[in-house]
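Reviewing the structure listed below.
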Amino acid sequence: MRFSAAEPPSAGRRAAPLTTSVYSAAEWDLLTDLPGRVLVAAASPAPGRPPRGVAAGLAGLDAVAAGRAFDSDLVRAVVAAIYARHDGSAARDERLTDLVDLLAACRATVRVLRRRADPADSAAYRQWVQSVAARVCRTGDDGSSPADRRFLDRLGGALDLP
Numbered sequence: 006m007r008f009s010a011a012e013p014p015s016a017g018r019r020a021a022p023l024t025t026s027v028y029s030a031a032e033w034d035l036l037t038d039l040p041g042r043v044l045v046a047a048a049s050p051a052p053g054r055p056p057r058g059v060a061a062g063l064a065g066l067d068a069v070a071a072g073r074a075f076d077s078d079l080v081r082a083v084v085a086a087i088y089a090r091h092d093g094s095a096a097r098d099e100r101l102t103d104l105v106d107l108l109a110a111c112r113a114t115v116r117v118l119r120r121r122a123d124p125a126d127s128a129a130y131r132q133w134v135q136s137v138a139a140r141v142c143r144t145g146d147d148g149s150s151p152a153d154r155r156f157l158d159r160l161g162g163a164l165d166l167p
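Right, dumping it as structure tokens:
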């Protein structure tokens, strides 16, 4: 079967989403690292927050995977990139659990999204990242603690969510 230059290589799916080409390598790394950093920070022990177990990590992974079904090319491309990684290098980074660094990364990501992303993709990405933390914080006996709510509020503020 031959395709003309105007036809996609397969039925309705691109080999690589065009959304990724507008980001530099550093910007793309920021976008693809942030969901994992949020998951780790939400699952990590912190003063006033209940200890997290395996269920919290699994809830976070499930929330990351849920991005595959989002109606956003950007979110789906980020999820695909996350699952394509095999080196595990992010797991060794001590900054993953530092809240100040995490919030700074969120603000930097928002700046990148403002410059490069479609507004709908930007909103979907930011809401998806927040949902990862929310799912982790909801695991446990009584929902989220006041410290969890503060964490989620600070995260939402850094992600510029209403």
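Under the numbering used here, the first residue of the sequence shown is numbered 6, with each subsequent residue one higher. Ideal Cβ positions, reconstructed from N, Cα and C, are used throughout, including at glycine.
Separation of residue j from residue i, as counted between CA atoms
i      : j      : result
Ser150 : Pro52  : 11 Å
Ala109 : Pro40  : 14 Å
Ala152 : Trp33  : 31 Å
Ala89  : Pro167 : 32 Å
Asp158 : Ser26  : 32 Å
Gly161 : Gln135 : 7 Å
Phe156 : Pro50  : 12 Å
Ala178 : Gly58  : Nothing can be reported for residue 178, as the shown portion of the chain is limited to 6 through 167.
Arg154 : Val105 : 17 Å
Ala115 : Leu35  : Looking at the sequence provided, one finds Val at residue 115 rather than Ala. Distance between the alpha carbons of Val115 and Leu35 is about 10 Å.
Asp165 : Arg42  : 17 Å
Val84  : Arg73  : 6 Å
Arg131 : Ala122 : 11 Å
Asp103 : Ala68  : 21 Å
For residue i, the nearest candidate out of the options (CA to CA)
i     : options                           : result
Val80 : Asp165, Pro124, Pro55 and Val45   : Pro124
Ala61 : Arg159, Arg140, Asp165 and Arg154 : Arg140
Tyr28 : Arg120, Tyr130, Val134 and Ala128 : Arg120
Ile87 : Ala30, Val115, Val45 and Thr37    : Thr37
Leu44 : Ala30, Pro50, Val137 and Asp106   : Val137
Same chain only: Cβ atoms within 8 Å of residue i, ignoring 5 sequence neighbours per side
i      : result
Asp126 : Thr24, Ser77, Asp78, Leu79, Val80 and Leu118
Arg143 : Ala64 and Ser149
Ala30  : none
Chain-order list of residues whose beta-carbon lies under 6 Å from that of residue i (same chain, five-residue window excluded)
i     : result
Leu66 : none
Ala70 : none
Cβ-based neighbour list, residue i, same chain, cut-off 7 Å, excluding 5 preceding and 5 following
i      : result
Ala163 : Leu108, Cys111 and Arg112
Phe75  : Arg81, Ala129 and Trp133
Give, in chain order, every unbroken run of the alpha helix (DSSP H) that is at least 4 residues long and sits entirely within the region 79 to 158. Unbroken alpha helix (DSSP H) runs of no fewer than 4 residues, entirely contained in the region 79 to 158, are found at 104 to 121 and 124 to 143, following chain order.
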